[in-house]
Amino acid sequence: VEHGLAATATRRYTNRMDLILLQWPTIDDAESGVVSYEYGISSTPAVSVDGQPDMTPYVFVGLSQQAVAVELELEHAHVYYGAVRTLNGVGLKGTSFSGGVMVDVTPPVCSALDGVAGGADLDFSTSGVPRVSVACEDLESGAESVWWGLGTIPGWDDTIPLTAGTANAVAVPTHLEAITSSLNVPSSHISPYRLMSADFESPTTVLLDGVRYYGMVQVKNGAGVSVFETTDGQVHDTSPPTVLFAYDLAG
Numbered sequence: 023v024e025h026g027l028a029a030t031a032t033r034r035y036t037n038r039m040d041l042i043l044l045q046w047p048t049i050d051d052a053e054s055g056v057v058s059y060e061y062g063i064s065s066t067p068a069v070s071v072d073g074q075p076d077m078t079p080y081v082f083v084g085l086s087q088q089a090v091a092v093e094l095e096l097e098h099a100h101v102y103y104g105a106v107r108t109l110n111g112v113g114l115k116g117t118s119f120s121g122g123v124m125v126d127v128t129p130p131v132c133s134a135l136d137g138v139a140g141g142a143d144l145d146f147s148t149s150g151v152p153r154v155s156v157a158c159e160d161l162e163s164g165a166e167s168v169w170w171g172l173g174t175i176p177g178w179d180d181t182i183p184l185t186a187g188t189a190n191a192v193a194v195p196t197h198l199e200a201i202t203s204s205l206n207v208p209s210s211h212i213s214p215y216r217l218m219s220a221d222f223e224s225p226t227t228v229l230l231d232g233v234r235y236y237g238m239v240q241v242k243n244g245a246g247v248s249v250f251e252t253t254d255g256q257v258h259d260t261s262p263p264t265v266l267f268a269y270d271l272a273g
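Laid out in structure tokens, this is it:
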């Protein structure tokens with residue numbers, strides 16, 4: 023049992039608090055065949071004492087191998103499981119559970135600067151090479167995708183169009199690991215990108231002296247929630263000062 027529909031990619035995370043997508047294309051019975059399927063939603067990978075999932079009791083769907091559970095009341099940072107009960111041709115039933123889907127409705131928390139990771143936020147540069155860095159935190163689904171651009175107005179990408187970059191996982195300190203542990207998140211849903219950093223540069227981009235350029239970064243987490251950050255800008259100046267006049271002072 024996977025989370026997603028036949029026409030979509032399977033997923034471990036969702037940004038919806040009201041529905042869950044399910045598909046089970048590989049559940050079959052080679053001997054007597056499948057007569058019908060039922061699906062339900064549970065807060066644990068097990069049924070309750072009455073044999074039903076504890077959130078959405080089993081719903082008959084015939085021979086359909088996908089379903090959308092709607093009108094749910096899900097909680098942020100919780101993992102939910104799809105349950106599928108199968109009836110075969112001789113009247114036997116079997117139950118399968120998904121690996122779970124985690125709800126994450128909040129965007130990553132990021133900060134971007136002009137320069138490189140761990141360095142100062144530069145206001146001026148003589149290198150002529152635009153450099154932008156971003157650092158993010160997303161303790162639920164991780165800040166796993168990143169794009170960057172450069173513009174002459176904050177939020178614009180008129181100099182460098184938004185371009186995909188590489189997200190680098192950063193080691194998570196003990197006090198943040200404790201937060202993840204308190205949520206009882208399965209290891210399969212602990213993202214390596216809960217802390218992330220990325221550096222960008224474009225040596226081939228021609229910059230104009232005296233113009234302030236602003237870095238723009240888009241970061242998307244595993245649940246598909248994005249955030250945009252803009253730097254405070256950096257003026258590129260590769261030319262030396264021009265001497266207008268000079269004179270001697272009498273001693």
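Reminder that position 223 of the sequence shown reads as 245 in the numbering used here, one-by-one numbering, no gaps.
By construction, the Cβ of each residue, glycine as well, lies at the ideal position given by its N, Cα and C atoms.
Nonlocal neighbours in the same chain, by C-beta distance under 7 Å from residue i, ignoring five residues either side
{"i": "Val-23", "result": "Leu-44, Trp-46, Gly-104, Val-106, Ser-118, Phe-119 and Ser-120"}
{"i": "Val-90", "result": "Leu-41 and Leu-43"}
{"i": "Ile-135", "result": "The sequence shown places Leu at residue 135, not Ile. So the list reads Asp-143, Ser-155 and Thr-253, once near-sequence residues are dropped."}
{"i": "Leu-229", "result": "Gly-150, Pro-152, Tyr-235 and His-258"}
{"i": "Ser-213", "result": "Ser-163, Gly-164, Glu-166 and Gly-244"}
{"i": "Pro-16", "result": "Nothing about residue 16 can be read from this structure; the chain reaches only from 23 to 273."}
Limits of the unbroken beta strand (DSSP E) element including residue i
{"i": "Thr-252", "result": "248-252"}
{"i": "Trp-169", "result": "165-173"}
{"i": "Tyr-102", "result": "101-110"}
{"i": "Arg-153", "result": "153-159"}
{"i": "Tyr-269", "result": "Tyr-269 -> no beta strand (DSSP E), and no H or E assigned at all."}
{"i": "Ile-63", "result": "56-64"}
{"i": "Thr-128", "result": "No beta strand (DSSP E) holds Thr-128; DSSP gives it neither H nor E."}
{"i": "Gly-84", "result": "78-84"}
{"i": "Ile-49", "result": "That residue, Ile-49, is in no beta strand (DSSP E); it is neither H nor E in DSSP."}
{"i": "Leu-43", "result": "42-45"}
Local Cβ density within 10 Å of residue i, reported as buried at 16 or more and exposed below that
{"i": "Pro-262", "result": "exposed"}
{"i": "Val-71", "result": "exposed"}
{"i": "Lys-242", "result": "buried"}
{"i": "Val-92", "result": "exposed"}
{"i": "Met-39", "result": "exposed"}
{"i": "Leu-266", "result": "exposed"}
{"i": "Val-112", "result": "exposed"}
{"i": "Gly-177", "result": "exposed"}
{"i": "Glu-251", "result": "buried"}
{"i": "Tyr-102", "result": "buried"}
{"i": "Thr-78", "result": "buried"}
Spatial neighbours of residue i in its chain, beta-carbon cut-off 8 Å, leaving aside the 5 residues before and after
{"i": "Thr-174", "result": "Asp-180, Thr-181, Val-233, Arg-234, Tyr-235 and Tyr-236"}
{"i": "Ser-224", "result": "Val-151, Pro-152, Leu-172 and Ile-182"}
{"i": "Ser-147", "result": "Asp-136, Arg-153, Gln-256, Val-257, His-258 and Asp-259"}
{"i": "Ile-49", "result": "Val-23, Val-56, Tyr-59, Gln-87, Val-106, Thr-108 and Ser-118"}
{"i": "Asn-37", "result": "Val-125, Asp-126, Val-127, Ala-245, Gly-246 and Val-247"}
Close-in-space but distant-in-sequence residues of the same chain around residue i (CB under 6 Å, 5 per side omitted)
{"i": "Ser-219", "result": "Ala-139, Ala-157, Asn-190 and Val-192"}
{"i": "Pro-130", "result": "Cys-158, Asp-160, Ala-165, Val-241, Asn-243 and Val-249"}
{"i": "Val-239", "result": "Ala-134, Val-156, Trp-170 and Glu-251"}
heavy atom of the ligand SAM below 8 Å from residue i C-beta
{"i": "Asp-259", "result": "As presented, the structure is devoid of all ligands, the ligand SAM included, so that no description of it is given."}
| request: Run through the region 178-255 for me and flag every whole beta strand (DSSP E) of 3 or more residues, listed as ranges in chain order. | output: Unbroken beta strand (DSSP E) runs of no fewer than 3 residues, entirely contained in the region 178-255, are found at 182-186, 217-223, 234-243 and 248-252, following chain order.
| said: Could you check whether the region 165-172 touches the region 183-202, counting it as contact only if at least three pairs of C-beta atoms, one from each stretch, sit closer than 8 Å? | reply: A contact exists between the region 165-172 and the region 183-202.
| query | When the Cβ atoms of the region 78-86 are set against those of the region 57-67, are three or more pairs found closer than 8 Å? | reply | Short answer: they touch.
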